[in-house]
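So the sequence shown is residues -17 to -1, 1 to 237, counted in mature numbering (1 follows the signal peptide of the UniProt record, and there is no 0). Where is the CB? At the ideal position from N, CA and C, for every residue including glycine.
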Amino acid sequence: MRFHALAILSSVQLTTSLTLPHFQTIFSYPSPGASLYDSGYDIPSVHESAVQARRILHLENIGTLSTIFPSSSSRSDSTAFENRPSDVGGTPIGLMDYFGDCEPSTGNPTILAIDIATSFKNAAAGSNITLSLRWHPPDAHARKYSTANLPRYSLVGYLEDIKDQEVKEQGLVGCFTKYHPDARGWLPGNKIHESHWVRLVVQEVYWIGGFGDRAYIGWIPVEEWRNVTRGEVEECRLPGEQDTKFFLSHLWNR
């Protein structure tokens, strides 16, 4: 009886291994354009992935800024004022923040930096900084997609102050407040907190398009990121968007 049960179990395991996709492909790094394990999915090219990433930047408006606390040896009066623990020096921290796609010719996100905020204090103290984003399908379609199988990525770079003349010429206030109407309360010159305009100058892009058997996972050269055209961004359609001109949303289905 025991032998019979083991035989059945072995048969089930063999059948399962032949019919289910190899789980290693979920986290693999396929070559763009390749089709793995006869899955029927064409892996997007690096450029196609860059276009998708730029559309996410255009449609989303909230991300996570990650910075590193300065070492204890560089503690300042402001650090003491906020009662920061002495053992967090060198520790990374990720915090939500607003951004806007207000300089589409460069792909550098526009950010309204609140001087007292942790992310900007860490950056001012010399920390590296990244902005992480992910795609949120429209509510009506959200349940159709596995969150783990939706695109997300991180922009690695540094903060650069935007001069007042540039702010005016590029209409950054109007652009940013279109993304974030509530941000009018803390624009530069407000009575609550000191703030100023910065851009995240993108130096590197790390992309996870979804599961590895149907999406590109890896670095996107910054030249590809910058060379995406406005027309490509407008034509691209992400999972859950109604009009799928550029890319088939079924690639991200469960």
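| said: In chain order, what are the residue ranges of uninterrupted beta strand (DSSP E) at least 3 long that sit wholly in the stretch 94 to 138? | reply: Fully enclosed beta strand (DSSP E) runs of 3 or longer: 112 to 117.
| message | Could you tell me which whole alpha helix (DSSP H) segments of length 4 or greater appear in the stretch 26 to 94? | response | 29 to 42, 60 to 64
| query | For R140, which residues does DSSP report across the bridge? | reply | Rather than Arg, the amino acid found at residue 140 in this sequence is Gly. Its beta-bridge partners are I112, V185.
| task | Would you mind sorting I45 into buried or exposed? The rule is 16 or more other CB atoms within 10 Å of its CB. | result | With a threshold of 16 other beta carbon atoms within 10 Å, I45 falls short and is exposed.
| task | Leaving aside the five residues before and after F82 along the sequence, list all residues of the same chain whose C-beta is less than 6 Å from its C-beta, in chain order. | result | G46, P92, I94
| How many angstroms separate the CA atom of E218 from the CA atom of P68? | 48 Å
| Where does G214 fall in DSSP's three states? | helix
| field | Straight-line Cα distance separating L133 from V150 | value | 34 Å
| said: Here's the rule I'm using: 16 or more other beta-carbon atoms within 10 Å means buried, otherwise exposed. How should K146 be labelled? | reply: exposed
| Using DSSP with H/G/I as helix, E/B as strand and the rest coil, what is G201? | strand
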